[in-house]
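Asker: Supplied in structure tokens, the structure appears directly below.
Numbering (full-length UniProt numbering), first residue to last: 1 to 1176.
What follows is the structure, given as structure tokens:
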């Protein structure tokens, strides 16, 4: 016979063995009868006034005068169930006849049937029983009600999974005073107060009701014990059965059987657990607490007023225990206890996960006796924290048990609001493991007493960050100031989330406290933060900023200008830094000028910014009267040009009104931001444009003076005689005409910048500072002179770029030819290293290093696992662990409470870990030991980071700005590559060797994987079909494979970087797939999963995953980013590897061994282009 809760979904008006073979009938129907629907809706509206419900149909089932097994008809019962449904919501009405005559059948087996049960069961942990259900007084169900009508019960089932089963909201069971016409009417011949108490709390039939100020509570009689809802006879022993699910030390065992027996009179608890594997048997002995907790429930009462756990909870409870060993292992025990069924047996479902210390076979284990105090901290909650000692072969070690017990408690009893302590004393422990039967046995003898005289708090251990306080004749544990209770631990309160600091102040959280500091550029004065201004006025192209080194404000030139902040001048750029050449022009290096310049291509002429065909006609006819005929010496033709103060194409010129007011030392220019012409002082002049005067010197250096330079028509700082320098920094002169210190390829010539001074100057064809000169050489990264089957790469040995023939070709890079023959490792196995294998890849047989080794296959070296490992994020912690199962499980390297790291990336050059923090909207970095290195970029919400270790750049996706951006690894020169047609970007990877970046975007209507050159050009849709929610992405450079994980489709797929060969690597069946991030390493893919606490992995050529890697202790919560730490970088290069590719700001590689010099976002493109033009 099923017992509620049964594990099956059911609505049970009368769960018993009904027999209709000799008497009775069962009727059922579905109806839309309006009269019946109106009647049930009126009943619902009266008792559930806040629920809006409109029934569409009714299901009615009636058991009329039915007998019981076996073919008995001397007693009959009549009852009914009515289910009203609106399609989305349901109500259930139970009706019982005046008299229930029988409550159970005669039984079909060796055991008698239990009494009838009435109620609901969701099939999981949610259920509801009616009064007297399953008891010997089950017939009394016809005498009570929860809506005031004898024998009627109305319940609301508002969730299709049965998680919300509720009676009327005011009083779930109310006395019989309703006026509705029942199917079976009659008075309720019981005391109203008693009926209310019994029905309200489902009191045990032997319990009494105690009247408190706010209501009634159940209390067991003197010959029984319990919480009033459940009462047991004192002399009866108790049995408990159940299953235990273990996940211990990477060994998984399911459905272990647990059998427990408790003798109440002596407080002894016996537990046997079967099917324990030999390798874990001795370690499981350390979990004796699963048996000793029964001693707390049923231990002997040491004083007359004491209570054991069953008297407090009634045996229906949740028990959680966190066990921490001093050696670092942790175990989490979760137990769900169900009170006695109709056979008076308890049931417990236990789940144990974590890691136990290893104990050698044959070791002798002794667990010391101990006391543990269960503290009643709040209604329905008990907590305990105990440090125990176990000894292995006489060597003692400590381990801590932190326990929490949750249960239902009558809210009307005033004692539940008074802190109480129940001391559980373990007086004897026995345990043993039988290898032949694979069973482990626990025996414990316990006693429980209530501690009343506790004003001294001397016996209380409240735990970390908490203290014991005296309250009346008892005590309680409270968190220290600045801490609050969370998951039965006192956790630090982040006061900074409550805006505790004042205006212009920044809040910093500290353990148990916080600190307010003035923000950058402000200082504390009179208890307030006031702005600090620069002592002198800054230049018009500068701003006042706070200098962290000097801890004072200073003037700093704006982006695009240089100087000391008091004097700023425009930075000029070459075309190799800003791509400003014309459509028919190219940026080339001029050895004569020693710089890059724009030159028109063959067939075109011009200044390189504008190029037109050389076949232009000379034409100055029809020039405007305010224009003149101008001969263009670059393009070698005549054309009309408007006079100064006029604008137009030369054939039509209009007067510029604003230019009339310009100073002779000013130009009339068009201001893009204002969209109008303005007067702007010429270089080396200052003023408002209408009045311009020679610019005075900025602050000159020591041994310098300010003087007017008539050639430049401006003032400048000049070093005093006997000193050399730029006027800002002067040092004693070491002129080359006095000391012959020039290079042999240099001449000592007069300094054109300062009379009377001589400098060393490299001869034509050489470059350098004059003291050292080397021959100029135009490398292939400056001019594309490599063969079509060659690439331009930086060579470490010669320290410059060279043309190298591609695989399968030979030559000097300028001229390449296909190799006449190559040694095939399939023919000659000896060409491969001893630790390499010959594999067929893309139609060729090549040598590939075995797992655990790296190299080109011809030469392989072992990978040092101590310097190569995984780094991942779990909760707020960053942890590291080895690639495979080993005794070294890794450790936590960083945990910052006020940060939430999400994405991870690693720079193999400087050994820095980069991570995004979505709490502060920053990307930060630290070294591999967890030492914080600082903030790299601010104002970013990133869930994906990628490092170009060759070009020294970092790429990321921003889910808030919906963008893809790049920045130098030192935190300078930030550039937005894409901010259009992006919805939900997440994972991102880069291929700095080929100059390609890939990112995933799980926009709901069109999920996709995109790719582009790493400078933002040639953006393409890479994968777009058969995608739902691509979260993670990774790239394996040796095999050229791009792989991604789709959370909704529950699979991992891979494709070649050129888009061919797409295949499913792994498909998940039958469970949730919560992949977040993934990484390639040594022919393996590792990934994090929100639904797991382990690291999943699969080999590249396998058809199923390898065994998951257990993570080290120290992290709690969901798994996020993952990356690999390597002891060295891949031996590759690109066009940006040396000297930043010759770029001033960002050097971004492109496909085909190219590169682009890019300006950051804070340098205006117009200024960038005009600056480059000025330098030409």
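Yeah, the Cβ is synthetic: ideal placement off N, Cα and C, and Gly gets one too.
Is it buried or exposed, residue 358, if we count other Cβ atoms within 10 angstroms and call 16 or more buried?
Answerer: Result: exposed.
Asker: Label residue 543 either buried or exposed according to how many other C-beta atoms from any shown protein chain fall within 10 Å of its C-beta, with 16 as the threshold for buried.
Answerer: By the neighbour-count rule (16 or more Cβ atoms within 10 Å), residue 543 is not buried but exposed.
Asker: Among 485, 1054, 438 and 981, which has the Cα closest to the Cα of residue 1044?
Answerer: Comparing Cα-Cα distances from residue 1044 to each of 485, 1054, 438 and 981, the minimum goes to 1054.
Asker: Using only alpha-carbon positions, find the residue among 10, 75, 42 and 7 that is nearest to residue 23.
Answerer: It is 75.
Asker: To the nearest angstrom, how far is the alpha carbon of residue 9 from that of residue 227?
Answerer: Going by the C-alpha atoms only, they are around 28 Å apart.
Asker: Is it buried or exposed, residue 535, if we count other Cβ atoms within 10 angstroms and call 16 or more buried?
Answerer: Flag for residue 535 reads exposed.
Asker: Would you give the residue range spanned by the alpha helix (DSSP H) that residue 45 belongs to?
Answerer: Residue 45 -> alpha helix (DSSP H) spans 34 to 47.
Asker: Exposed or buried, which one is residue 28 when buried takes at least 16 other CB atoms within 10 Å?
Answerer: Residue 28 should be labelled exposed.
Asker: Quick one: what does DSSP say residue 179 is sitting in, helix, strand or coil?
Answerer: Here residue 179 scores only 30 on pLDDT, less than 50, and its place in the model is too uncertain to base an answer on.
Asker: Just to check my reading of the structure: residue 878 and residue 915 have Cβ atoms closer than 8 Å, yes? What is that Cβ distance to the nearest angstrom?
Answerer: Contact flag correct, Cβ pair sits at about 7 Å.
Asker: Select from 965, 1068, 802 and 1082 the residue whose C-alpha is nearest the C-alpha of residue 1051.
Answerer: For the residues 965, 1068, 802 and 1082, the minimum Cα distance to residue 1051 belongs to 1068.
Asker: Suppose contacts are defined by Cβ-Cβ distances below 8 Å. Is residue 325 in contact with residue 309 by that definition?
Answerer: In this structure, residue 309 does not lie closer than 8 Å to residue 325 by Cβ.
Asker: Between the Cα of residue 950 and the Cα atoms of 498, 907 and 222, which residue gives the shortest distance?
Answerer: Cα-wise, what sits closest to residue 950 is 907.
Asker: My output table needs one value for residue 1139: the three-state DSSP class, helix, strand or coil.
Answerer: Residue 1139: helix per DSSP, three-state reduction.
Asker: How long is the line joining the alpha carbons of residue 183 and residue 335, rounded to whole angstroms?
Answerer: At residue 183 the pLDDT is 30, less than 50, meaning the model places this residue with poor confidence; the figure from the coordinates comes in the next sentence. Between residue 183 and residue 335, the C-alpha separation is close to 44 Å.
Asker: Residue range of the beta strand (DSSP E) that residue 963 falls in?
Answerer: Looking at the DSSP string, the run of the beta strand (DSSP E) that includes residue 963 is 963 to 968.
Asker: If you scan the stretch 944 to 1003 from start to end, which runs of the alpha helix (DSSP H) of 4 or more residues do you find wholly inside it?
Answerer: Complete alpha helix (DSSP H) runs here, min 4: none at all.
Asker: Quick check on DSSP: helix, strand or coil for residue 94?
Answerer: The answer is strand: DSSP assigns residue 94 an E or B state.
Asker: Please work out which residues of its chain come closer than 7 Å, Cβ to Cβ, to residue 447, disregarding the five sequence neighbours upstream and downstream, and give them in chain order.
Answerer: Counting only Cβ-Cβ distances below 7 Å, and skipping sequence neighbours, we find 267, 299, 300, 302, 425 and 427.
Asker: Measure the alpha-carbon distance for residue 959 versus residue 679 and round it to whole angstroms.
Answerer: One C-alpha to the other measures close to 43 Å.
Asker: What did DSSP end up calling residue 2 once you bin it into helix, strand or coil?
Answerer: Note: residue 2 maps to coil in three-state DSSP.
Asker: Look at the alpha carbon of residue 772 and the alpha carbon of residue 780, and state the distance between them as a whole number of angstroms.
Answerer: Approximately 24 Å between the Cα atoms of the pair.
Asker: Are the CB atoms of residue 702 and residue 662 nearer to each other than 8 Å?
Answerer: In this structure, residue 662 does not lie closer than 8 Å to residue 702 by Cβ.
Asker: Compare the beta carbon distance of residue 650 and residue 610 with 8 Å and say whether it is the shorter of the two.
Answerer: Cβ atoms of residue 650 and residue 610: not closer than 8 Å.
Asker: Using a Cβ distance threshold of 8 Å, determine whether the stretch 828 to 839 contacts the stretch 803 to 818, with at least three qualifying pairs required.
Answerer: With a cut-off of 8 Å, the stretch 803 to 818 and the stretch 828 to 839 do not count as touching, because too few Cβ pairs lie within range.
Asker: Using CA coordinates, which residue listed in 317, 440, 656 and 1110 is at the minimum distance from residue 256?
Answerer: Residue 440 is the option with its Cα nearest to residue 256.
Asker: Quick check for students: name the residue ranges of the beta strand (DSSP E) that lie wholly in the stretch 638 to 697, counting only runs of 3 or more.
Answerer: Listed in chain order, the complete beta strand (DSSP E) runs (minimum 3 residues) inside the stretch 638 to 697 are 646 to 648, 653 to 655, 666 to 671, 676 to 681, 685 to 687 and 692 to 694.
Asker: Write down the C-beta distance between residue 329 and residue 354 rounded to the nearest angstrom, noting that I regard them as a contact closer than 8 Å.
Answerer: So it is a contact: roughly 7 Å between Cβ atoms.
Asker: Is any beta-carbon of chain B found at less than 8 Å from that of residue 977?
Answerer: Going by chain labels, chain B is absent from the structure shown, which holds only one protein chain.
Asker: What does the Cβ neighbour count give for residue 398, buried or exposed, with the cut at 16 atoms within 10 Å?
Answerer: Per the 10 Å Cβ criterion, exposed.
Asker: How would you call residue 1154, buried or exposed, if buried means at least 16 neighbouring beta carbons within 10 angstroms?
Answerer: Answer is buried; the Cβ neighbour count reaches 16.
Asker: Name the DSSP beta bridge partners of residue 531, please?
Answerer: Answer is 522.
Asker: For the beta strand (DSSP E) that contains residue 371, what are its first and last residues?
Answerer: That run of the beta strand (DSSP E) goes 371 to 378.
Asker: Quick one: grab the DSSP three-state call for residue 360.
Answerer: Coil.
Asker: When you compare the CB positions of residue 465 and residue 490, do they come within less than 8 Å of one another, or not?
Answerer: Yes.
Asker: Between which two residues does the alpha helix (DSSP H) holding residue 291 run?
Answerer: Residue 291 -> alpha helix (DSSP H) spans 289 to 298.
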